[in-house]
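Top to bottom, those sequences are chains A and B. According to the numbering used here, the first sequence is numbered sequentially starting from 1. According to the numbering used here, the second sequence is numbered sequentially starting from 1001. All C-beta atoms, glycine included, are put in the ideal place defined by N, C-alpha and C.
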Amino acid sequence: MSAGEIVFEARGLVKRYGHVVALDGADFELRAGEVLAVIGDNGAGKSTLTKVLSGAVIPDQGELWLDGERVHFASPLDARRRGIETVYQDLAVAPALDIASNLFLGRERRRPGVLGRVFRQLDKRRMREEAAHYLAELKFRIPSIGSAVEVLSGGQRQGVAVARAGLFASRLVIMDEPTAALGVRESAHVLDLVRSIRARGLPVILISHNMPQVFEVADRIHIMRLGRRVALVTPTRHTMAEAVAIMTGAAPGETRPAAADSASA
Amino acid sequence: MLGGALTSKTLGPLVVLLAFVAVFSLATHTFLAAGNLSIIAQQSVIDGALAIGQTLIMLTAGIDLANGSITVLGTIIAARLVSENQPALPALLLAIAACTGVGFCSGSLVARLRLPPFIVTLGILGIVTAAARLYSGGESFPVTDPLLGWPGNGVTIGGATITNGILVVVVLYALSWYMLTQTGWGRHVYAIGNNREAARLVGIHVGRTLLSVYVLAGFLYGVGAWLALGRIPNADPNALQSANLDTITAVVIGGTSLFGGRGGVIGTLIGTLIVAVLRNGLTLMEIDPLWQDMVTGVLVILAVAADQLSRERRAL
């Protein structure tokens, strides 16, 4: 997995809030086809990093590179236009609307010809078919594509949000604590979807503080501490205890990440 | 898909409407007469049009207390200009534009400054009521102009008079139903009322959509002003004072949630008819009008209780 090309990269990110330095020269890299987990203690800069990557926060210093091209995100919409979709912790769905409507919310498809162009009529059948097809591909089982999202369990609702991100992201998906509000079984369901999205070729950035989940699904783990990346480890070569030790500062991080190359030097 | 939601959501109100129709048909000989039914339709025209705007706003989890006052302002502008020998068409268009403009103001305050709709429209209610009284000088303006009176004209078939106003309202319902259920804009209106933050996160222009809802509502109130002049050819600054509560009643009885994101204009049409049928039927039965208010009040509370119960069941 780590042999993939670098898709998304950040160099020397700095972000200050008054006297607080949230990011202190943080580096980041995401490779093709991988699930990269980002872990870190509270205040380590995890969430600021996430916001910079998704365009919600503009860094004071540092560079973002997408597919080898320098990019600047002024807002999450900029990131989205570049093919980056973000899934949030709270369930970002409209409960009274059905599953297909939620998947296409904000990106509705209109009917071809005059009906769509002049009368702005939605192509409901096409959206339902595409939604059903895509969910089947993800092996995401739901009662019916036409049922309201509110009849679904919390895990299935988050599944809808994850599927939406996977459906529209052309480059990568960022998931910010997607299972924080969910129970164990529900979380497993969402993690299955994360794997399905990776299997379709989209790399995933998974921000989580749930170590067992991280070790279960991630190919590599980016560890934040004091506003920097202190290590980039793999679940096969490091134990959970080691990762936690690096995260809390009990063990030294690595000066160069695992699978290191010149990109982050 | 929304067709299914529509039926289940509007089934309750429809049953209530049919039950009242059945009761009044049995209790009086006159209720089911074609003439009486067309009177009910004519009586529903103004509230029916205003209730569409109220529905749009309530779907976004807002509420509009100012609709009656905006409509009255529209009637005064059109009628006073015509009474001053201005041509009727520009006067009418100006009146509708003024109502749309008021909608733009409320919409801007709600969408841009994020003020609560209840307070914004309460303020607009005061401002617009005062403006209408100032502009009218406290007088009312009788309307004789054929264009302004056009919605009151109609054809009589078998004792039933179908006025142009009734046809206009039917068209308005059809158009708003289409916009809400068949276009992306409609989806966005529901999504904003459902979960505003989620709507923002998926990239819906929440502010712009909210503004469009209030502007559209203002336009409908402007058309309502024309309908009002057709129904009662006299622009009275003290008219329609209970239109805000009457339309909220109709919308709520029609199954649109006070909390936004659920319901629709078909339910509102049924809700408007329920109130009109109730008033008409009880009047025919020569029951004290105070009972009409009482029964309407009970219906509103029942409708809101049903909405609340279904919310709690969903939350489980």
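Q) Which chain A residues are close to R1314/B, counting only those with a beta carbon under 7 Å from its beta carbon? A) Chain A residues near R1314/B: E150.
Q) Listing by chain order, which chain B residues have their CB less than 7 Å from the CB of A96/A? A) Y1190, N1194, G1261, R1262
Q: With DSSP as the reference, label M1285/B as helix, strand or coil.
A: coil
(Q) Using the three-state DSSP reduction, which class does H222/A fall into: helix, strand or coil? (A) strand
Q.
Please classify V87/A as buried or exposed, where buried requires at least 16 other C-beta atoms within 10 Å of its C-beta.
A. buried
Q.
Less than 7 Å between C-beta atoms, sequence neighbours within five positions excluded: which residues of the same chain meet that for G1186/B?
A. M1179, L1180
Q. Using a beta-carbon distance below 8 Å, is Q1182/B in contact with chain A?
A. yes
Q) By DSSP, does K15/A sit in helix, in strand, or in coil? A) strand
(Q) Three or more C-beta pairs under 8 Å: does that hold for the segment 236-243 of chain A against the segment 61-77 of chain A? (A) no
(Q) Short of 8 Å Cβ to Cβ, which residues in the segment 1196-1226 of chain B face chain D? (A) This model lacks chain D altogether; the protein chains it does include are A and B.
Q. For T1163/B, which option in L1290/B, P1151/B, V1170/B, Y1173/B has the closest C-alpha, if you only look at C-alpha atoms?
A. P1151/B
**Q.** Euclidean distance between Cα positions of I1096/B and Y1221/B
**A.** Near 8 Å, if we compare the C-alpha coordinates of Y1221/B and I1096/B.
Q) For the segment 35-47 of chain A against the segment 209-218 of chain A, are there 3 or more C-beta pairs whose distance is under 8 Å? A) Look at the beta carbons and you see the segment 35-47 of chain A touching the segment 209-218 of chain A: at least three pairs across the two are nearer than 8 Å.
Q.
Between G159/A and chain B, is the shortest Cβ-Cβ distance under 8 Å, so that the two count as touching?
A. no
Q) Within 8 Å (strictly less), CB to CB, does G106/A reach chain B? A) Yes - at least one Cβ of chain B is within 8 Å of the one on G106/A.
Q. What is the residue span of the alpha helix (DSSP H) that V1171/B lies within?
A. Bounds of the alpha helix (DSSP H) holding V1171/B are 1164-1182.
Q. By DSSP, does P1142/B sit in helix, in strand, or in coil?
A. strand
Q: Determine the DSSP secondary structure at A1235/B, reduced to helix, strand or coil.
A: strand
Q.
Just to confirm my understanding: we take Q1054/B, look at its own chain, exclude 5 residues before and 5 after, and list those with CB closer than 7 Å. What are they?
A. Excluding residues within five positions, the ones whose Cβ falls inside 7 Å are D1064, N1067, T1247, I1248, V1251.
Q: Consult DSSP for R228/A and reduce its assignment to one of helix, strand or coil.
A: DSSP places R228/A in strand when its eight states are reduced to three.
**Q.** Delimiting residues of the beta strand (DSSP E) encompassing I207/A
**A.** Unbroken beta strand (DSSP E) run through I207/A: 204-207.
Q | Between the CA atoms of H209/A and G40/A - distance to the nearest angstrom | A | 7 Å
(Q) From the DSSP secondary-structure annotation, give me the bridge partner or partners of V87/A. (A) Partner(s): M175/A.
Q: Report the rounded CA-to-CA distance for Y1190/B versus L1059/B, giving the unit in angstroms.
A: 6 Å
Q) Taking Cβ to Cβ, would you say V194/A is nearer than 8 Å to V204/A? A) Note that the C-beta distance between V194/A and V204/A is below 8 Å.
Q: Measure the alpha-carbon distance for L1032/B versus Q1042/B and round it to whole angstroms.
A: 15 Å
Q | Backbone secondary structure at G55/A - three-state DSSP | A | coil
Q.
Quick check: what's the CA-CA separation for D261/A versus L1109/B?
A. Because the pLDDT at D261/A is just 44, under 50, the model does not fix this residue reliably, and the value given afterwards should be weighed accordingly. One C-alpha to the other measures close to 54 Å.
Q | Runs of alpha helix (DSSP H) lying entirely within the segment 1089-1127 of chain B, each at least 4 residues, in chain order | A | none
Q) Is M175/A buried or exposed, if buried means 16 or more other CB atoms sit within 10 Å of its CB? A) buried
Q) So does the segment 1156-1171 of chain B actually touch the segment 1100-1120 of chain B, counting three or more Cβ pairs closer than 8 Å? A) no
(Q) Could you compute how far the alpha carbon of A1098/B sits from the alpha carbon of T1272/B? (A) 26 Å
Q) chain A partners of R1187/B, CB-CB under 8 Å? A) Ordered by position in chain A, the residues that pass the 8 Å Cβ test against R1187/B are L97, S101, L105, E108, L122.
Q: Pick out whichever of Q1308/B, F1141/B, V1298/B, L1175/B has its Cα sitting closest to the Cα of N942/B.
A: The shown model of chain B, from 1001 to 1316, leaves out residue 942/B, and the question about it has no answer.
Q. Should N1238/B and A94/A be called a contact, given that it needs their Cβ atoms to be closer than 8 Å?
A. no
Q. Which of helix, strand or coil does DSSP assign to T1156/B?
A. strand
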